[in-house]
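Just so we're aligned: 148 in numbering that gives the first Met the number 0 is position 149 of the sequence shown, and the numbers increase by one with no gaps anywhere.
Think of the CB as a built atom: it goes at the ideal place given N, C-alpha and C, for glycine as much as any other residue.
Owing to the predicted nature of the structure, the values given are computational and were not obtained by experimental measurement.
Below: the structure, in structure tokens.
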Amino acid sequence: MKETPRWLIKKGRGREAAKAAIYIRKWDGKIAPELEKQIVMVVQKAADDELEKMKTSKKNYYFYHLFSDWKLGWYAVVFSTSLYVFFSLFSASFVSYGIAYNMEALSGNVYVNVIILGASRWIINIVVAALEFSVKSIGRRLLHLVSVGLIALLLGILFIIYIFTWPKIDTYKVVTKAGGEGDALVHAIVVFTRYASLLAAAICTELFILDSVQPTELFPTPIRSAGIAFIQIFNRLGTIISPLVFIPSEHWPPAPFLLMFVTSAADFLLYFFFVPETRGKKLPDHMPDELVNFSEDLASNAVEKDDDTTAPLKREIVETAEESKESEHERERNETGKDDSKGSEMEGKEN
Numbered sequence: 000m001k002e003t004p005r006w007l008i009k010k011g012r013g014r015e016a017a018k019a020a021i022y023i024r025k026w027d028g029k030i031a032p033e034l035e036k037q038i039v040m041v042v043q044k045a046a047d048d049e050l051e052k053m054k055t056s057k058k059n060y061y062f063y064h065l066f067s068d069w070k071l072g073w074y075a076v077v078f079s080t081s082l083y084v085f086f087s088l089f090s091a092s093f094v095s096y097g098i099a100y101n102m103e104a105l106s107g108n109v110y111v112n113v114i115i116l117g118a119s120r121w122i123i124n125i126v127v128a129a130l131e132f133s134v135k136s137i138g139r140r141l142l143h144l145v146s147v148g149l150i151a152l153l154l155g156i157l158f159i160i161y162i163f164t165w166p167k168i169d170t171y172k173v174v175t176k177a178g179g180e181g182d183a184l185v186h187a188i189v190v191f192t193r194y195a196s197l198l199a200a201a202i203c204t205e206l207f208i209l210d211s212v213q214p215t216e217l218f219p220t221p222i223r224s225a226g227i228a229f230i231q232i233f234n235r236l237g238t239i240i241s242p243l244v245f246i247p248s249e250h251w252p253p254a255p256f257l258l259m260f261v262t263s264a265a266d267f268l269l270y271f272f273f274v275p276e277t278r279g280k281k282l283p284d285h286m287p288d289e290l291v292n293f294s295e296d297l298a299s300n301a302v303e304k305d306d307d308t309t310a311p312l313k314r315e316i317v318e319t320a321e322e323s324k325e326s327e328h329e330r331e332r333n334e335t336g337k338d339d340s341k342g343s344e345m346e347g348k349e350n
């Protein structure tokens, strides 16, 4: 398994990067020796430039660099570099595991509920993956907002239902445990709360995936690993606290749904206002303080391109390759014509 040319160039490993680039290019078909030389020359120059940058501006980045810039600071508070991602992961863990670890609080058989939850998660992931693959306008932002919006809506409805009906629901549970039949309307409400709770927990699986993918697309390369490691702390924190979410229901039954609704609604609002779409966007390679220097390098490279003495040579190489291909095609046509004429002469002699 070869490393990508981009990564190898960033590490200054020009020879390996050129081999990887040629290997990838060969998948499109056979390449001419001239084009292969050109690829090697361009890739090696890019790798040499990266080595020069590494020598002149070698800098290490640490955890506190997550908050070194106001924009990164907002991401840290909201999504990519810390608080929002870990708030989102906290919210997803809080809702998902809060329901999964308290199946006995829902109506119906515990084992059947677990089967329904697992099957729902699998179906949701397959459907969402198919939609994202086939519809280019569906990105991370839309999927996240729809997912967390549905979760907040379901939990909000459950909270309102429990505010007005929890005494009747408790009475219904006592009657059914004793072997009796409860009120039909209350039975319908209990069934709805069961499936709505399981659906909310199942949708959380999509949030886990999105909150694993999108931070890697928002973090700058130097702090990407540190940021992802940091947000996972809050994922685990949500997992630790979530089994306790139904304890307040002993004093006020609507409380668990209120807590989960608040975290999900906050998740939705923070994401909506602060997190951009990342699908199809270039991965950020540079920290904000490096962007100024990077822009200056681009400007100097543009000047160098105007004075590049190798440009005519590169054009000549390409033109030579094209001319050689045309001459080969012409030679093949001539040989084919000669063979046809010889064949017709032989036929004439036989006649």
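Discussion item. According to DSSP, simplified to helix, strand and coil, what is Leu-141?
Written reply: helix
Worksheet item: Quick one: Cα of Arg-351 to Cα of Ile-30, how far?
Response: A query on residue 351 cannot be resolved here, the shown segment of the chain reaching from 0 to 350 and no further.
Worksheet item: Mind checking Met-53: buried by the 16 CB within 10 Å criterion, or exposed?
Response: It is exposed - the Cβ of Met-53 has fewer than 16 other Cβ atoms within 10 Å.
Worksheet item: What is the DSSP secondary structure of Ala-201, counted as helix, strand or coil?
Response: helix
Worksheet entry | Proximity winner among Gly-279, Leu-154 and Val-185, relative to Ala-199 (alpha-carbon distances) | Ranked by Cα distance from Ala-199, the options Gly-279, Leu-154 and Val-185 are led by Leu-154.
Worksheet item: Ser-136 by DSSP, collapsed to three states: which one?
Response: coil
Discussion item. Assuming Cys-203 and Ile-246 are in contact, meaning their beta carbons sit under 8 Å apart, how far apart are those beta carbons, in whole angstroms?
Written reply: That belief does not hold up - the Cβ atoms of Cys-203 and Ile-246 are roughly 20 Å apart, past 8 Å.
Worksheet item: Between Trp-165 and the rest of its own chain, which residues show a CB-CB distance below 8 Å, the 5 nearest in sequence each way excluded?
Response: Pro-252 and Pro-253
Practice prompt. Hey, could you find the ends of the alpha helix (DSSP H) Leu-105 is sitting in?
Written response: No alpha helix (DSSP H) contains Leu-105, which DSSP labels as neither H nor E.
Worksheet entry | For Glu-15, the first and last residue of its enclosing alpha helix (DSSP H) | 13-25 is the extent of the alpha helix (DSSP H) around Glu-15.
Fill in: Cβ contact check for the stretch 6-24 and the stretch 35-54: 3 or more pairs under 8 Å
Three or more beta-carbon pairs drawn from the stretch 6-24 and the stretch 35-54 are found closer than 8 Å, and the two stretches are therefore classed as touching.
Worksheet item: Any idea what DSSP makes of Lys-1, helix, strand or coil?
Response: Coil, per DSSP.
Worksheet item: DSSP three-state call for Thr-164: helix, strand or coil?
Response: helix
Worksheet item: Distance, Cα to Cα, Tyr-194 vs Leu-282?
Response: Each residue's alpha carbon lies about 39 Å from the other.
Discussion item. In this structure, how does DSSP classify Ala-129 when only helix, strand and coil are distinguished?
Written reply: helix
Worksheet entry | Own chain residues within Cβ distance below 7 Å of Leu-157, not counting five before or after | Thr-192, Ala-195, Ser-196 and Phe-256
Discussion item. Please report whether the beta-carbon of Ile-156 lies at a distance below 8 Å from any beta-carbon of chain B.
Written reply: Checking the listed chains, one finds no chain B in this structure; it contains a single protein chain.
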